[in-house]
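Number of protein chains: 2
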Amino acid sequence: MTTPLAAKIARDYGTPAVVIDMDRVERNIARVQAACDAAGVRNRPHIKTHKSPELARLQVAAGAKGITCQKIGEAEVMAAAGIDDILISYNLIGDEKMARLGALLGKAEVTVAADNPVVIAGLPQAGAIAGRDLGVVIECDTGRKRAGVETPGEAIELAKLIAASPGIAFKGFMFYPTEDGWAVAQRFFDEALAGVRAAGLEPTIVSTGGSPNMPNVGKLKGATEHRPGTYIYNDRMQVAAGVATWDDCALQVYSTVVSRAAADRGILDAGSKTLTADPGGGLEGFGLILDHPEAKIARFAEEHGMLDLTRCNERPKVGDVVRIVPNHVCVVVNMVDEVVMVRGDEIVGILPVAARGKLR
Amino acid sequence: MTTPLAAKIARDYGTPAVVIDMDRVERNIARVQAACDAAGVRNRPHIKTHKSPELARLQVAAGAKGITCQKIGEAEVMAAAGIDDILISYNLIGDEKMARLGALLGKAEVTVAADNPVVIAGLPQAGAIAGRDLGVVIECDTGRKRAGVETPGEAIELAKLIAASPGIAFKGFMFYPTEDGWAVAQRFFDEALAGVRAAGLEPTIVSTGGSPNMPNVGKLKGATEHRPGTYIYNDRMQVAAGVATWDDCALQVYSTVVSRAAADRGILDAGSKTLTADPGGGLEGFGLILDHPEAKIARFAEEHGMLDLTRCNERPKVGDVVRIVPNHVCVVVNMVDEVVMVRGDEIVGILPVAARGKLR
Numbered sequence: 001m002t003t004p005l006a007a008k009i010a011r012d013y014g015t016p017a018v019v020i021d022m023d024r025v026e027r028n029i030a031r032v033q034a035a036c037d038a039a040g041v042r043n044r045p046h047i048k049t050h051k052s053p054e055l056a057r058l059q060v061a062a063g064a065k066g067i068t069c070q071k072i073g074e075a076e077v078m079a080a081a082g083i084d085d086i087l088i089s090y091n092l093i094g095d096e097k098m099a100r101l102g103a104l105l106g107k108a109e110v111t112v113a114a115d116n117p118v119v120i121a122g123l124p125q126a127g128a129i130a131g132r133d134l135g136v137v138i139e140c141d142t143g144r145k146r147a148g149v150e151t152p153g154e155a156i157e158l159a160k161l162i163a164a165s166p167g168i169a170f171k172g173f174m175f176y177p178t179e180d181g182w183a184v185a186q187r188f189f190d191e192a193l194a195g196v197r198a199a200g201l202e203p204t205i206v207s208t209g210g211s212p213n214m215p216n217v218g219k220l221k222g223a224t225e226h227r228p229g230t231y232i233y234n235d236r237m238q239v240a241a242g243v244a245t246w247d248d249c250a251l252q253v254y255s256t257v258v259s260r261a262a263a264d265r266g267i268l269d270a271g272s273k274t275l276t277a278d279p280g281g282g283l284e285g286f287g288l289i290l291d292h293p294e295a296k297i298a299r300f301a302e303e304h305g306m307l308d309l310t311r312c313n314e315r316p317k318v319g320d321v322v323r324i325v326p327n328h329v330c331v332v333v334n335m336v337d338e339v340v341m342v343r344g345d346e347i348v349g350i351l352p353v354a355a356r357g358k359l360r
Numbered sequence: 001m002t003t004p005l006a007a008k009i010a011r012d013y014g015t016p017a018v019v020i021d022m023d024r025v026e027r028n029i030a031r032v033q034a035a036c037d038a039a040g041v042r043n044r045p046h047i048k049t050h051k052s053p054e055l056a057r058l059q060v061a062a063g064a065k066g067i068t069c070q071k072i073g074e075a076e077v078m079a080a081a082g083i084d085d086i087l088i089s090y091n092l093i094g095d096e097k098m099a100r101l102g103a104l105l106g107k108a109e110v111t112v113a114a115d116n117p118v119v120i121a122g123l124p125q126a127g128a129i130a131g132r133d134l135g136v137v138i139e140c141d142t143g144r145k146r147a148g149v150e151t152p153g154e155a156i157e158l159a160k161l162i163a164a165s166p167g168i169a170f171k172g173f174m175f176y177p178t179e180d181g182w183a184v185a186q187r188f189f190d191e192a193l194a195g196v197r198a199a200g201l202e203p204t205i206v207s208t209g210g211s212p213n214m215p216n217v218g219k220l221k222g223a224t225e226h227r228p229g230t231y232i233y234n235d236r237m238q239v240a241a242g243v244a245t246w247d248d249c250a251l252q253v254y255s256t257v258v259s260r261a262a263a264d265r266g267i268l269d270a271g272s273k274t275l276t277a278d279p280g281g282g283l284e285g286f287g288l289i290l291d292h293p294e295a296k297i298a299r300f301a302e303e304h305g306m307l308d309l310t311r312c313n314e315r316p317k318v319g320d321v322v323r324i325v326p327n328h329v330c331v332v333v334n335m336v337d338e339v340v341m342v343r344g345d346e347i348v349g350i351l352p353v354a355a356r357g358k359l360r
C-alpha cells in the first residue's frame with residue numbers, strides 16, 4: 001500500500017527521498033522550547049541534527065538562545081546565515097582550525113569547549129586573530145566516557161589555566177550527563193564551582209545536553225542552558241528512549257520496494273548509503289517501516305535494504321512506496337544535500353542541508 | 001607520532017580528512033585490469049566506490065569496457081563527463097526514473113538490470129523517450145539473497161518477456177556469486193542459457209561481480225565481463241577477505257586525537273559521520289589505525305571516535321594525527337564532497353566526489 005503523499009513524493013522526486021513534515025518540526029521546536037522555558041534554562045539547540053540555517057532560525061525565533069555546533073564548518077555556515085551566539089561543543093586543535101575559528105570569532109559570538117591543556121594552549125591564536133577574547137567552557141564527563149575531564153579537580157585546574165591565558169576567557173562548564181546520572185553531575189558541578197570561585201572565577205555558562213535528557217532539564221541546580229539536538233526530527237532511538245512518539249517523528253525516508261525475489265524477502269531502494277548501519281543502540285533492524293511495522297530491515301547492501309517479511313500478514317508489493325523512521329536521524333541527514341518538506345499530505349518544497357558534509 | 005605527510009594534511013586541510021594515494025589507486029587499477037585481461041573477461045568497474053568521473057576515466061584508459069553504476073544519478077554524472085557504456089545494475093521503477101533514464105539513453109549506451117515483471121513493464125517508457133532500445137540484463141541470485149531471480153526458470157521467463165516488449169532488448173544475465181558459490185552460478189547460468197537459446201535468444205552480456213571475487217574472475221564459463229568496485233581503494237574488509245594487503249589500501253582517513261580523558265581512553269575527531277558504523281562483516285572495531293594497530297576504535301558518537309587503548313604500549317597523545325583504514329571504504333566516500341590526493345609523501349591536490357549524494 002502506498003499513501004497518496006508517498007505516491008506524490010515518488011512521482012515528483014523519486015525514491016529514496018528524505019522527507020520532513022514541517023508541522024511536526026514546528027511542534028517539536030515549540031514543545032522543547034516550552035520545556036526549557038518551564039525549567040528556567042535557556043535552550044541552545046544542537047544543529048548537528050538538521051544542519052540547516054533555516055531551521056536554526058526557526059529555533060531561535062521560537063526562543064532559543066543561540067545554537068550549538070560540533071564542527072567549525074557547521075558554525076561557518078550558520079554564522080554566514082546570520083545566526084549569532086554559537087557554542088562549538090568540541091575540542092578544536094591545529095593552526096588551520098585556529099585561523100578559521102579566529103575569522104569566525106570576528107563575525108559572531110563564539111564559545112568553544114576544551115578538556116585538556118593541549119587544546120587550551122592553541123586557542124589564544126584564534127582570540128588574537130579576532131582581536132577579542134574567545135570564550136571557553138570546560139567539558140566535564142560524568143559517566144558517558146567520551147570527551148571531558150573526569151574529575152572536578154582537573155576542571156578547576158583547566159579553568160585557572162584558561163583565566164591565565166591571553167586571548168581566551170573562562171566561561172563555565174559543559175556537561176552531557178547520562179540519563180540516570182544527574183546526581184553525579186550535580187556533585188561534580190558543585191565541587192568544580194566551589195573550586196573556581198575560590199580562584200575568583202564565576203561561570204556564566206553551565207550547559208547540559210541531549211534530547212533523551214529532556215525529562216531531566218533543569219535538574220542540575222546552577223545550569224543555565226540545555227543543548228538538545230535530535231528532538232527537532234526525532235527517530236526510533238528517541239521513541240525507544242521514551243522521549244518521543246511515532247507522531248513526533250518529523251523525518252521519514254520514503255523508499256520503493258524494488259524486488260520480491262522470494263515470498264519471505266523483499267528489497268528496498270534504501271540501503272546503508274541512505275539509512276546507515278547505525279544500530280540505534282541495539283534496536284532490531286535498521287528502521288521502522290510505518291506501513292509494515294512487522295517487516296524487519298534485516299541487513300544492507302549499500303543501495304539495498306533487505307527485508308525479512310516472515311512476520312508480515314500483509315506483504316508489500318514491488319512498486320510500493322513505504323515510509324521508514326530511521327534508527328538515528330542525524331546520520332541520515334548527514335548524507336543528503338536536501339530534504340523534501342511537507343505539511344500533512346501536501347508537498348511544500350525543498351530544503352537544502354547547507355551544513356552537510358562539513359566534517360571539519 | 002604524526003608522519004610528515006599527516007602533519008602537512010592537518011596543516012593544509014585540517015582533520016578529519018579523507019586522503020587517497022594516487023600511486024596506489026593506479027596500481028590497483030592496473031592489477032585488476034590485468035587480472036581481467038588474463039581471465040579473458042572485460043572489466044566493467046563499479047564506480048559506487050569512488051563516485052568520481054576522473055577516476056572512471058583512469059579505469060577506462062587502463063582498459064575497462066564501460067562502467068557500472070547503482071543509481072541513475074551516478075550514471076548521469078558519469079555520462080555528462082563523457083563516460084559511455086554504462087550498466088546500471090539495479091531495478092529501476094517509476095515515471096520519474098523512466099524519464100531520466102530515457103534522457104540518459106539518448107546520450108549514452110545504457111543497460112539496466114531487472115529481476116521482476118513490474119520493473120520490466122516500466123522500462124519501455126525509457127526506450128520510447130530515447131527512440132532506441134534500452135538493453136536489459138536479468139539479475140540472477142545464486143546465494144547472496146539480495147535482488148535477483150532465484151531460479152533459471154524465472155530468468156528464462158523474464159528473458160522472453162523482455163524480448164516480447166517494445167523499446168527494450170534482452171542483453172543477458174547479471175550475477176554476483178558468493179565467493180564460494182561459483183559452481184552454483186555455473187549450473188544456474190547453463191540452464192538459463194539453454195532456456196533462452198531454445199527461445200531463440202542469445203546473451204551478449206554475462207556479468208559477474210565483486211572485488212572479493214577477483215580470485216574467481218573467469219571461472220564462470222560463458223562470462224563476458226566482471227564488475228569489481230572496491231578494489232580501486234580497498235579497505236579493511238578486502239584485507240580480511242584476502243584480496244588486498246594494507247599497502248593496497250589507497251584511501252585512509254586522517255584524524256586528530258583530540259582528547260585523552262583517561263589513561264586507557266582517547267578520542268578521535270572522526271566519528272560515525274566520518275567512518276560510519278559499518279561493522280565490516282564482523283570486524284573488531286570501526287577501522288584500523290595504522291600508527292597504533294593495537295588501539296581499538298571501540299564505539300562512536302557522531303563526531304567522536306572512542307579509542308580503547310588498553311592493548312597499546314605506545315599510546316597516542318592529544319594533537320597526534322593518525323591514519324585510519326576504514327572497515328568499508330564505499331560508505332565513507334559517500335559522505336564527503338572531496339578527497340585529498342597524495343602520491344607517497346606529497347600532496348597532489350583535491351579530487352571532487354562528483355557523484356556523491358546521488359541517492360536516486
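Protein chains in written order, with full-length UniProt numbering: chain A, 1 to 360; chain B, 1 to 360.
Here a beta-carbon is modelled for each residue, glycine too, at the ideal position from N, C-alpha and C.
Note that the structure is a prediction, hence the values are computed from the model and not measured.
Close-in-space but distant-in-sequence residues of the same chain around residue i (CB under 7 angstroms, 5 per side omitted)
{"i": "R24(A)", "result": "D248 and A250"}
Three-state secondary structure (DSSP) of residue i
{"i": "M174(B)", "result": "strand"}
{"i": "R197(A)", "result": "helix"}
{"i": "D133(B)", "result": "coil"}
{"i": "V32(A)", "result": "helix"}
{"i": "residue 376(A)", "result": "Given a span of 1 to 360 for chain A in the structure shown, any question on residue 376(A) remains unanswerable."}
{"i": "M1(A)", "result": "coil"}
{"i": "D21(B)", "result": "strand"}
{"i": "I324(A)", "result": "strand"}
{"i": "G181(B)", "result": "coil"}
{"i": "residue 384(B)", "result": "This structure leaves residue 384(B) out entirely; chain B is present only between 1 and 360."}
{"i": "T224(B)", "result": "coil"}
{"i": "V60(A)", "result": "helix"}
Under 8 angstroms by beta carbon: chain A residues contacting residue i
{"i": "M306(B)", "result": "K145 and R146"}
{"i": "I267(B)", "result": "N91, R146 and A147"}
{"i": "T256(B)", "result": "I93 and G94"}
Residue i: contacting residues in chain A (beta-carbon distance under 7 angstroms)
{"i": "N334(B)", "result": "K273 and M335"}
{"i": "G14(B)", "result": "G94, E96, K97 and R360"}
{"i": "K48(B)", "result": "E302"}
{"i": "S259(B)", "result": "N91, D115, N116 and A147"}
CB contact flag (residue i, residue j, <7 angstroms)
{"i": "L201(B)", "j": "F170(B)", "result": "yes"}
{"i": "K65(B)", "j": "R31(B)", "result": "no"}
{"i": "V78(B)", "j": "A56(B)", "result": "The question names Val, but residue 78(B) is Met in the sequence shown. Yes, the pair counts as a contact, with Cβ atoms nearer than the cut-off."}
{"i": "E179(A)", "j": "S207(A)", "result": "no"}
{"i": "A35(A)", "j": "M214(A)", "result": "yes"}
{"i": "V184(A)", "j": "V257(A)", "result": "no"}
{"i": "I67(B)", "j": "P45(B)", "result": "yes"}
{"i": "V137(A)", "j": "A155(A)", "result": "no"}
{"i": "N28(A)", "j": "I232(A)", "result": "yes"}
{"i": "L307(B)", "j": "G266(B)", "result": "yes"}
{"i": "M341(B)", "j": "I20(B)", "result": "yes"}
{"i": "V339(A)", "j": "T2(A)", "result": "no"}
{"i": "L359(A)", "j": "P16(B)", "result": "yes"}
Contacts around residue i, its chain only, beta-carbon distance under 6 angstroms, and the 5 residues preceding and following it disregarded
{"i": "P212(A)", "result": "E179, A241 and V243"}
{"i": "R315(B)", "result": "L309"}
{"i": "A100(A)", "result": "Position check: residue 100(A) holds Arg in this sequence, whereas Ala was assumed. Taken in chain order, the residues that qualify are I72."}
Sequence-distant residues of the same chain with beta carbon closer than 8 angstroms to residue i, five excluded per side
{"i": "L275(A)", "result": "V253, F286, G287, I297, F300, G305, I324, P326, N327 and V332"}
{"i": "A147(B)", "result": "Y90, N91, A113, D115, E139 and D141"}
Proximal residues of chain A, C-beta to C-beta of residue i below 9 angstroms
{"i": "H11(B)", "result": "The sequence given here places Arg at residue 11(B); His does not occur at that position. Ordered by position in chain A, the residues that pass the 9 angstroms Cβ test against R11(B) are G94, D95 and E96."}
{"i": "G131(B)", "result": "None at all; the shortest Cβ gap to chain A is about 23 angstroms."}
Closer than 8 angstroms at the beta carbon, the chain C residues around residue i
{"i": "Q70(B)", "result": "Structure shown: chain C not included; protein chains present are A and B."}
Partners in chain B for residue i, counting only beta-carbon separations shorter than 9 angstroms
{"i": "D278(A)", "result": "S272, T276, A277 and F300"}
Where residue i meets chain B, residues with beta-carbon distance less than 8 angstroms
{"i": "E150(A)", "result": "A261 and A262"}
Heavy atom of the ligand ZN within 6 angstroms of residue i beta-carbon
{"i": "K97(A)", "result": "Of the ligands one can find in the structure shown there are none, so the ligand ZN has no counterpart to examine."}
Proximal chain B residues relative to residue i, where beta-carbon distance stays under 7 angstroms
{"i": "C330(A)", "result": "E302"}
Open item on the list: In chain order, what are the residue ranges of uninterrupted beta strand (DSSP E) at least 3 long that sit wholly in the segment 239 to 321 of chain B?
Closed with: The beta strand (DSSP E) runs of length 3 or more contained entirely in the segment 239 to 321 of chain B are, from start to end of the chain, 251 to 262, 265 to 268, 296 to 300 and 305 to 308.
Task: Every unbroken alpha helix (DSSP H) inside the segment 74 to 120 of chain B [4 residues or more] - done: Qualifying alpha helix (DSSP H) stretches, in chain order: 95 to 105.
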